[in-house]
Every structure is written in structure tokens, then in C-alpha cells.
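Residues in the sequence shown are numbered consecutively from 0, following numbering that gives the first Met the number 0.
A virtual CB, placed ideally from N, CA and C, is assigned to each residue, including glycine.
All of these numbers come straight from a predicted model, not from anything done at the bench.
Below: the structure, in C-alpha cells.
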Amino acid sequence: MSTIVITGGTDGLGRALAADRLGAGHTVIVVGRSEAKFRELARNGDAHFFQADLREVAENLRVTKEIAARFPVVDTLVLGAAYVHRDRQVTSEGFEHNFALYYLSRHIFASRLQEVLGAAERPLVLDTTVPGAPQDAVHWDDLQLERGYTWKIANLQSRRLGLLSALRLASDHVRYVLYNPGFVRTSHQGALGKTSRAMVGILAKVLGTPPEKAIRPMLDLIENRPETPLSAYLRGKRVELDTATSAEAERLHRETARLLEKPANRT
Numbered sequence: 000m001s002t003i004v005i006t007g008g009t010d011g012l013g014r015a016l017a018a019d020r021l022g023a024g025h026t027v028i029v030v031g032r033s034e035a036k037f038r039e040l041a042r043n044g045d046a047h048f049f050q051a052d053l054r055e056v057a058e059n060l061r062v063t064k065e066i067a068a069r070f071p072v073v074d075t076l077v078l079g080a081a082y083v084h085r086d087r088q089v090t091s092e093g094f095e096h097n098f099a100l101y102y103l104s105r106h107i108f109a110s111r112l113q114e115v116l117g118a119a120e121r122p123l124v125l126d127t128t129v130p131g132a133p134q135d136a137v138h139w140d141d142l143q144l145e146r147g148y149t150w151k152i153a154n155l156q157s158r159r160l161g162l163l164s165a166l167r168l169a170s171d172h173v174r175y176v177l178y179n180p181g182f183v184r185t186s187h188q189g190a191l192g193k194t195s196r197a198m199v200g201i202l203a204k205v206l207g208t209p210p211e212k213a214i215r216p217m218l219d220l221i222e223n224r225p226e227t228p229l230s231a232y233l234r235g236k237r238v239e240l241d242t243a244t245s246a247e248a249e250r251l252h253r254e255t256a257r258l259l260e261k262p263a264n265r266t
């Protein structure tokens, strides 16, 4: 049996994946905000819960430290935490919401759990950062998007940053997959207005794939991990990665290290 860590494992895709793995007898570690939702999920099986707001760097650092201390081997890390803000929001630590949740949190988990992943026989990072953002999506001089913010700009930037981070962290031993699950019939967590939420709900019912079905290609990747260090998939189909250089990845690594060294509540 294996050990799997799932961020965003109390709703939608992550919840369905956690339920499947528990049913198959694996150890499942769920990271999320709602312990009540976890209790409903974890009635059977070897389940563990770490409560955290993954928009906060301090919370990511705390939880990854606790996981590494309690679980010396992690076979699979699934990065799926999601929460939509259409307008620009800033965390208590001064980071733009999308940058914090969709880039920094994933980067911290994938980097801080490298040792316990490395201890597994065939470790895999399965990251729901959707590939396909253009090369010019990163605003190097304004990573927190204080100027000209739109949700689309923030989304594209976080996706490109995810690719660059994955490029640096993937290896011959720890494989890294950027995974696009497509449109999944979930609760679509986020600060959406009534009209937007109603429209998303209708589209989900008509076009969305049920989570229990949407996880099947993910399960196949977990059981049969790709042979290359870094790869990208749209559901069960492999797709070409955008061109990204190690120089860009190193630049992001240096900038991220600098940002993480700053104290909380920056001005």
C-alpha cells in the first residue's frame, strides 16, 4: 500500500480521489480547511487530516513540516487546492491570492516534501496546474499584479509559474505531471456572485464530468507514472509542454526564495 497527500481533498476531484484511495486500502493525507467535510469522507480507512489555509505561506510551511515528520515516505503528492477570486485579493502576508494559492502553495509542497517523496520507490507529483500559458505570461517586474490586474492575467501567470517550478523540481526519480482535468462537476469553490455561480452550476450539470469519472485518468497516471521527468496531460491524453528554459526556472527560484525570506505583513 502507498501513501498519498492531497491538497484540496475535501471537495470535488480531490475528495473523489481521496475516497477511491481510502477504499483501495492506501494511506490518505488530506490538507484542507474544513475538518467537518473530512470527517464525512474518512469514516473508513487510514485517513489523516491537516487543517490549513493554503493561501498563507506560514500555513504551508507548518503543514509540510508536520507531514514530513509523521510520514517518512510519500508515494504521491496531488496538488489540487482551488478557490476562485475574480477581483484582486491580497493575503495577510501581502501576496496576491492567485500567486499565493496556485503558485506558492504548490511550490512549497512540492519542494518541501522532496525528501519524503524521494524515499518512495516510484514517487509522483500530480499537479492540477493547467499547462498552456504563454511564455510572456509572467510579469517579472510586478508578480503581485498591483498594476492592471484581471483574473485572466493572474490565472495565466500562476499557470506559467507552475510550469517553471515543475521544470526545476522534476527529476529522474520524482516525476512531475501538470494535469488538466477538464471541466469537472464540482462545487467550484470561490467568491462567485449569484449570477456567476448559477451559470457555472448549469454548465457543470450539462458539460461537467462527475468527479468519480474524472479521476480515472489520474488513477492511471498514479499507477503507471510517465517515464519522463516532466510531462503534461489533458485528461488521459498527453499534450506537449510549452517551451520553458532552465534559466527562466532558476530566475523564478531565486525570486521565490527572496520573497519567502521577507517577513509577514509586508508593505
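Here DSSP, grouped into helix, strand and coil, assigns N223 to coil. Secondary structure of T149 (DSSP, three-state): coil.
The Cβ neighbour count for G161, taken over all protein chains shown within 10 Å, is at least 16; the residue is labelled buried. The beta carbon of A99 sits closer than 6 Å to the beta carbons of R54, T90 from its chain, once the five residues preceding and following it are set aside; these are given in chain order. Given a length threshold of 3 residues, each whole run of the beta strand (DSSP E) inside the segment 14-57 is given here in chain order: 26-31, 45-50.
V29 is positioned such that its CB atom lies no closer than 7 Å to that of L76. In terms of CA proximity to T149, E95 leads the group G8, L259, E95.
When DSSP states are grouped into helix, strand and coil, A118 belongs to the coil group. The beta carbon of L116 lies closer than 6 Å to those of V73, P122, V173 in the same chain, with the five residues before and after it left out. For the set F108, R158, E114, H106, the Cα lying nearest the Cα of V129 is the one of R158. A distance below 6 Å between beta-carbons, with the five flanking residues on each side excluded, links E247 to the following residues of its chain, in chain order: L163.
Under the DSSP assignment, K236 falls in the beta strand (DSSP E) whose first and last residues are 236-238.
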